[in-house]
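Sequences listed follow chains A and B, in order. For the first sequence, our numbering gives the first residue as 1222, with consecutive numbering after it. For the second sequence, our numbering gives the first residue as 14, with consecutive numbering after it. Every residue, glycine too, gets a C-beta built ideally from N, C-alpha and C. Following: one structure in C-alpha cells, then a few remarks.
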Amino acid sequence: MPKCKKSEGQAIDYASKLLSTTEGEAFEQHLKNCSDCNQAVESFTTVLNLTDMAEKEVTLPEVALRDIEMNVYKRLAATQEESLFSRVRAYFANLESLLQWHKTAAASTLVISLITAAVLFGELYQPEVRLQLTESQSADARIEQYFQQDIQRHLDDAMITHHLRNDAWETESHLERVKEQTQGTNWMKVPQTLSFNKTTNEVAKGY
Amino acid sequence: MDKLIDDEMLVAQFQAGRQNAFDELMKRYKSKIFSYLLRSVRNYEDAEDITIEVFFKAYRALENWQPKAKFSTWLYKIAANLVIDYHRAKARHPVYALEDMEIPEANLVATDQYSNPVKELEEKELGRIIRDAVDQLSPKQKAVFILNRYEGLQLKEVAETLGMAEGTVKIHLHRAMKRLQTILNPLWENNDI
Chain A
1222 MPKCKKSEGQ
1232 AIDYASKLLS
1242 TTEGEAFEQH
1252 LKNCSDCNQA
1262 VESFTTVLNL
1272 TDMAEKEVTL
1282 PEVALRDIEM
1292 NVYKRLAATQ
1302 EESLFSRVRA
1312 YFANLESLLQ
1322 WHKTAAASTL
1332 VISLITAAVL
1342 FGELYQPEVR
1352 LQLTESQSAD
1362 ARIEQYFQQD
1372 IQRHLDDAMI
1382 THHLRNDAWE
1392 TESHLERVKE
1402 QTQGTNWMKV
1412 PQTLSFNKTT
1422 NEVAKGY
Chain B
14 MDKLIDDEML
24 VAQFQAGRQN
34 AFDELMKRYK
44 SKIFSYLLRS
54 VRNYEDAEDI
64 TIEVFFKAYR
74 ALENWQPKAK
84 FSTWLYKIAA
94 NLVIDYHRAK
104 ARHPVYALED
114 MEIPEANLVA
124 TDQYSNPVKE
134 LEEKELGRII
144 RDAVDQLSPK
154 QKAVFILNRY
164 EGLQLKEVAE
174 TLGMAEGTVK
184 IHLHRAMKRL
194 QTILNPLWEN
204 NDI
C-alpha cells in the first residue's frame, strides 16, 4: 500500500489508463521520485492483467448469438398474442365487473321497487268489506248494505281530501253527494248530523 | 447495410417504419450486450434470456426514443437495470446450480503431444478464482468495473448507464480495484501466479 495516499487514486487511474495526457505526464514525473506509487501502479497493473486474462476466457456461444434475433422476434410475437388475449380477457373481466355492478344495482332496484309497490299497493288497495249476507236476507237489505258501503267510502274520501288538501269546499261537495246518496236509506241520519256550517274537523268528529 | 450509418440514424429509420434497421442494431450490439450480461450474471442461459429481454424492451421503447444519449448507452442501461432485477430475484429465490463456467475434467484431454491438460486445468482454475474475485465486488462496483474495463465505456457513459454522477463512478471504480487487489494479492505473494 502506498504511504503517499494522495496518489493512490491516481495510481489506479494511471494503471487503468484513465488519466488525460497532461495528468499522465505529471504522474509519471511523480513516479520517478515515489517508490510507494511505483509499487501501487505495479500492483494495480497486475490486478488488471489478471482480470483481463480471466475475462478473456469468457467465450460467447455462437449458437445463442445466432438465435438472438429470432428469439427476440418470437418474444415480440408471443407478447402481441398475449396482449390480444389479455385484452379480450380484460374486456370480459370488465364486463364481469360491470355485470357485478349491474347485478347489485338490479337487486337494489328490485328491493326498492318491491318496497315501493308494497307501500303503494297497501295505500291503494282497500279491501272491500265482505258482504256477510245470508240467503235469507232480502234484496232490500243487500241494497241497503251497498249504499252503506258507498256512503262510507265517499265519507272516507271526503275526510282524506280535506286532510291532504285542506280543502273544505271539496269536502262539503263530497258531503253533499253523500247526502244525496243517502236519500231513502237508513243513513239519512248521517247527513242530518252534519252541517255545512261546521268545520271539517267537527265533521270528522261528528262522523 | 452500410456500416457507416450511425446508430441514431438507424433508430430514426426504424421509427420511420423500416424494420430492417432494428435487425442491424441487434447485429451490432448483441455480442456486446451478451458478453456484458454473461460477465454480470455468470450463467449462459440467463445471459441469453436477459439479452433477448434487452432487445425486446428496446424494440418496444424505441418508437418513442429521443437521442438524449448514445443508443449504445441506452441499451447498456436497459441491460444494467435487468441485471439489478436479476440479482434481486436471485437473492429472493436463491438457486444453487453448478458453476456454468467450470470446464468438466473429461474435456481436458491432450489434443496433441504439446498440450498439457494439467496446466490447462490449473489455468482454468486460476481464471475461475479471479472471476470469483470480480463476483465478490458489490453490484455497483462490479457494474462499473465491467462496463469500463470490458465493454470499453468511458466514465461519462458508465455514469449515464448506471444513473450516477461521474465522480461516484470513479469512487466505485477505485474501491473495486482496491478490493480486487486485496483479494488477489495473496495469489502472487504466494507465487501461485
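- At the C-beta level, F84 (chain B) and L1286 (chain A) stay beyond 8 angstroms of one another.
- Considered as a whole, the region 59-114 of chain B harbours 84-105 as its complete alpha helix (DSSP H) runs of no fewer than 4 residues, in chain order.
- Following the DSSP letters along the chain, one finds V171 (chain B) inside the alpha helix (DSSP H) bounded by residues L168 to L175.
- At a C-beta separation below 8 angstroms, Y49 (chain B) has no neighbours in chain A, since its nearest C-beta there lies roughly 11 angstroms away.
- When DSSP states are grouped into helix, strand and coil, D1377 (chain A) belongs to the helix group.
- Following the DSSP letters along the chain, one finds V1268 (chain A) inside the alpha helix (DSSP H) bounded by residues S1256 to K1277.
- For the options B:W201, B:E202, B:K183 and B:Q194, the alpha carbon positioned closest to that of Q1231 (chain A) is the one of B:K183.
- In this model, A29 (chain B) and A156 (chain B) are separated by some 34 angstroms (Cα to Cα).
- For Y163 (chain B), the nearest beta carbon of chain A is closer than 8 angstroms to its own beta carbon.
- Between Y57 (chain B) and chain A, the shortest Cβ-Cβ separation is below 8 angstroms.
- Contact between the region 1240-1254 of chain A and the region 1280-1297 of chain A is absent: fewer than three C-beta pairs spanning the two stretches fall below 8 angstroms.
- Spatial neighbours of A1236 (chain A) in its own chain (CB-CB distance under 7 angstroms, excluding positions within 5 residues in sequence) are listed in chain order as V1262, F1265, T1266 and L1269.
- Look at A1285 (chain A): its C-beta is under 8 angstroms from a C-beta on chain B.
- In the structure shown, G1343 (chain A) falls within a helical segment according to DSSP collapsed to helix, strand and coil.
- For A156 (chain B), the uninterrupted alpha helix (DSSP H) segment begins and ends at P152 to R162.
- Following the DSSP letters along the chain, one finds G1230 (chain A) inside the alpha helix (DSSP H) bounded by residues E1229 to A1236.
- Residues of chain B with a Cβ closer than 8 angstroms to the Cβ of V1268 (chain A) are, in chain order, M190, L193, Q194 and L197.
- In this structure, the alpha-carbon of A1360 (chain A) lies about 41 angstroms from that of T1337 (chain A).
- Proximity of S1264 (chain A) to chain B, defined by a Cβ-Cβ separation below 8 angstroms, is satisfied.
- Burial state of G140 (chain B) is buried, judged by a 10 Å Cβ sphere holding 16 or more other Cβ atoms.
- Taking one beta carbon from each stretch, the region 57-65 of chain B and the region 30-40 of chain B have fewer than 3 pairs nearer than 8 angstroms; the two do not touch.
- The Cβ of L1240 (chain A) sits no closer than 8 angstroms to any Cβ of chain B.
- By the C-beta criterion, the region 170-185 of chain B is judged to be in contact with the region 142-160 of chain B, since at least 3 inter-stretch pairs fall below 8 angstroms.
- From the listed residues B:L197, B:I142 and B:A172, the smallest Cα separation to H185 (chain B) is found for B:A172.
- For R192 (chain B), the enclosing alpha helix (DSSP H) covers residues E179 to E202.
- For G165 (chain B), the secondary structure class from DSSP, reduced to helix, strand or coil, is coil.
- The C-beta of V1284 (chain A) has fewer than 16 other C-beta atoms within 10 Å across all chains shown, which makes the residue exposed.
- Contacts between A1275 (chain A) and chain B, judged by CB atoms closer than 7 angstroms, involve G140, I143 and R144 in chain order.
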